[in-house]
Amino acid sequence: MTHKQKQTLMTIVIAAVIFIAALLVPQPVFRFILFLIAYLLSGFSVLKEAGENIIHGEIFDENFLMSVATLGALVIGEYPEAVAVMLLYQTGELFQSYALGKSRKSISALMDIRPDTAHVERKGETITVSPEDVAVGEVFVIKPGERVPLDGVVLEGASALNTAALTGESLPRDVTVGDDVVSGCVNQSGLLRVRASKPYGESTVAKILDLVENASAKKAKTEAFITRFARIYTPLVCAAALLLFVLPPLITGGGWRIWGERALSFLVVSCPCALVISVPLTFFGGIGGASRNGILVKGSNYLEQLASAETVVFDKTGTLTEGSFKVTLIHPDQVTEQELLKLAATVESYSDHPISRSIRAQYHLPVDSDGLTNVQEIAGQGVSAELHGRTLFAGNQKLMDTIGVVTPNCPHEGSTVVHVARDGVYLGHIVISDEIKSGSKAAVAALKREGVRKTVMLTGDTQAVADQVGRELGLTEVHAQLLPADKVDQVEKLLSPNGPKGRLIFVGDGVNDAPVLTRADVGVAMGALGSDAAVEAADVVLMDDDPRKLPLAIGIARHTLQIARQNIVFALAVKLGVLALIAVGLANMWLAVFADVGVSLLAILNATRALRVRNEE
Amino acid sequence: MKKVFQLSELDCAACADRMETAIRKLPGVTAVAVNFVTQRLTLEADDATFEEVVQAARKVAARTAHGCILS
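For the record, the sequence lines run as chains G and R. The numbering used here puts the first residue of the first sequence at 1, with every later residue one more than the last. The numbering used here puts the first residue of the second sequence at 1001, with every later residue one more than the last.
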């Protein structure tokens, strides 16, 4: 409890004691005085604020309503009612304030990835400072079990890092000399000496915290609606209260007091606090819950849009596939696998083509270029060279056709095949593919389960490759051989048939997808631990490049909206219900206050549920 | 100049909204954003009158949001 909250509690308790005393005292004048004291004690702050606000032109707020309601009660002689209502109101406000504080704290605690200290080496000594005081280039030490305070490069030591705080993944990442370390991760086993590459303000951890905290600034449509609603709700109910006070007695010719009471009770229920507090809190919880799973959502409005996802468009390379070409199969004919690989690597050793690089990568060992002469690159076909006097050709089908070598009928749909021939003899082929990410298939299936109607892939690659990937992942549509401008056109086409509520999500690796990311309703980027370009361009960033995080993000968004909706419906239903009961005389002021406070508390508690993420599998 | 302030005693989201609108109307204010959930206020105002603007904003905050304190 804050200091102010404790003071308020004291005041309420004292006032309550005096109130009870007043109830027990028979003598009317003394009784009245005690009631008055209790009333003034508990209601002074409310009356004062109401007065101040009126002077500044802000009339219709809850202080005004409560003041009018309770003063009115005093005027018509309902002293116990007036005091009780005021006491209940203040107690309710206190509870609300306390609950709000706790909610805020629990949300922030769960996102507490902020490192507190850094052990920096200066002038031969290791001193402990705040991470903000470490300059770029300084060397600091991370002990086992500590959180990495700044982004940097490992100078000494080897260890494993727990990236759960940033990505939600518990599989540790091994790091050793020369590797980058990212702030926010927890160092597990070994001591690390690291040189800072960025100041704290620009470190990954600081950027993530900044993003999450500011995400609630971009208000969701629901939040904006609630704020507007609250603005008109209060004056409306006041007007209704006035009518309730004036009309029925005029029509029936009497009963001013009863209708006066009812009108006053109306005023008490007219505060829309429950809604106005719980909705932003719910969204904040949702964003926090998402960030704990490595999903950074840059605004509450994007969370809202994710929940209405109808079409998901994927970029291929780097998003659904690994983006790096790898040797997947080696089919030798006359020689061994290793021999074939070695020959291919040797011939391709002077080429910088991605295919050559992947073959060399698979070969692993340094290429022995002893005896290698006359290396030639044949554009669009492959390479040729002479190795120890023998002629080697490595390339595609066209190359083999050119030199008249027959290739076996071994189709590898959707992959690149490098055939190798030596002195006119076919030696075999090597298959190179852009591997589909292990999580892609599960991701697409999960998206369908979440109700996404269309899953589309756009790529600049060939139709054959696109079809193959589409088949393997179960996509609804694929569009291939697209130039960047074509991709935007495709997205435009996909946007139109969507219902007014359906949203289009585009997922890409950020770097060259900026125009498409902007055009989509929600742009999602694969932002491997801090890729600046992706974090800049997108609305949502998946911190670990795992496509499975997208259906999870949609699930979180839906869950959050559901809770927000629950709160709104519940609060409105209860309030309107109580208003109706008051109008027909089945409820009094006490019930009104209970209803108001109870609803607020429940709404706030419900909002914290948005933090908990349902984990599939 | 742009500065972020920590707020305390901000319990009512409607008040946060009122406060933001009121501060926006103060002379010298370029932009203001109040984040109710994190209790942060981001203020952008003319360099020359920044301190006065902050003082004025403090008063507005206390008035429109039940004694909200701008630190």
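The beta-carbon is built from N, C-alpha and C at its ideal position, and this holds for glycine as well. What you are looking at is a predicted structure, and each value in this text was computed from that prediction instead of being measured.
Exposure of residue 360/G, with buried meaning 16 or more beta-carbon neighbours within 10 Å: buried
Distance, residue 506/G Cα to residue 381/G Cα: 35 angstroms
Span separating the alpha-carbon of residue 1047/R from that of residue 1001/R: 5 angstroms
Exposed unless 16 or more other CB atoms sit within 10 angstroms - verdict on residue 615/G: The predicted model places residue 615/G with a pLDDT of 49, which falls under 50 and marks its position as unreliable; any figure quoted below should be read in that light. So residue 615/G counts as exposed.
Whether residue 311/G touches residue 502/G by CB criterion (8 angstroms): yes
Straight-line gap, residue 176/G to residue 95/G (C-alpha atoms, nearest Å): 51 angstroms
Residue 617/G to residue 546/G span [Cα, whole Å]: Unreliable placement is indicated for residue 617/G, whose pLDDT of 32 sits below 50; the coordinate value is still reported in the next sentence. Those two C-alpha atoms are separated by around 15 angstroms.
Burial state of residue 537/G, where buried means 16 or more other Cβ atoms lie within 10 Å: buried
The stretch 597-609 of chain G in contact with the stretch 273-285 of chain G per 3-pair CB rule at 8 angstroms: yes
8 angstroms Cβ cutoff met for residue 299/G and residue 218/G: yes
Separation of residue 551/G from residue 441/G, as counted between CA atoms: 12 angstroms
Cβ of residue 273/G within 8 angstroms of any chain R Cβ: yes
Chain G within 8 angstroms of residue 1014/R, Cβ atoms only: yes
Residues from the stretch 1019-1039 of chain R in contact with chain G, defined by Cβ distance under 8 angstroms: 1033, 1035, 1036, 1037, 1038 and 1039
Same chain only: Cβ atoms within 6 angstroms of residue 272/G, ignoring 5 sequence neighbours per side: 230 and 233
Bridge partners - residue 76/G, DSSP secondary structure assignment: Answer by DSSP bridge pairing: none, since residue 76/G is not bridged.
Chain R contacts from the stretch 547-579 of chain G (Cβ-Cβ distance under 9 angstroms): none
Residues that residue 376/G bridges to, as DSSP identifies them: 384/G
Chain R contact for residue 31/G (CB, 8 angstroms cutoff): no
Delimiting residues of the alpha helix (DSSP H) encompassing residue 587/G: Here residue 587/G belongs to no alpha helix (DSSP H), and DSSP marks it neither H nor E.
Contacts of residue 284/G in chain R (Cβ-Cβ under 7 angstroms): 1037
Three-state secondary structure assigned by DSSP to residue 530/G: With a pLDDT of 43 at residue 530/G, under the threshold of 50, the modelled position of this residue cannot be trusted, and the question is left open.
For residue 1027/R, the three-state DSSP class (helix, strand or coil): coil
Beta-carbon spacing of residue 191/G, residue 149/G below 8 angstroms: no
Helix, strand or coil at residue 598/G [DSSP, three-state]: helix
Between the CA atoms of residue 395/G and residue 341/G - distance to the nearest angstrom: 13 angstroms
Contact check, residue 185/G vs residue 165/G, beta carbons under 8 angstroms: yes
Beta bridge counterpart(s) of residue 332/G as assigned by DSSP: 428/G
Separation of residue 131/G from residue 56/G, as counted between CA atoms: 45 angstroms
Where residue 49/G falls, given that 16 or more other Cβ within 10 Å makes a residue buried: buried
Sub-8 angstroms separation of residue 482/G and residue 460/G beta-carbons: yes
Neighbour-count burial assignment, residue 624/G, 16 or more Cβ in a 10 Å radius: Since the first residue shown for chain G is 1 and the last is 617, residue 624/G is missing from the structure and cannot be characterised.
Whole-angstrom C-beta distance between residue 140/G and residue 121/G, which should lie under 8 angstroms: 7 angstroms
Uninterrupted beta strand (DSSP E) stretches inside the stretch 56-133 of chain G (no shorter than 3 residues): 118-122 and 125-129
Residue 1006/R, enclosing alpha helix (DSSP H) - first and last residue: Residue 1006/R -> not in any alpha helix (DSSP H); beta strand (DSSP E) instead, spanning 1002-1008.
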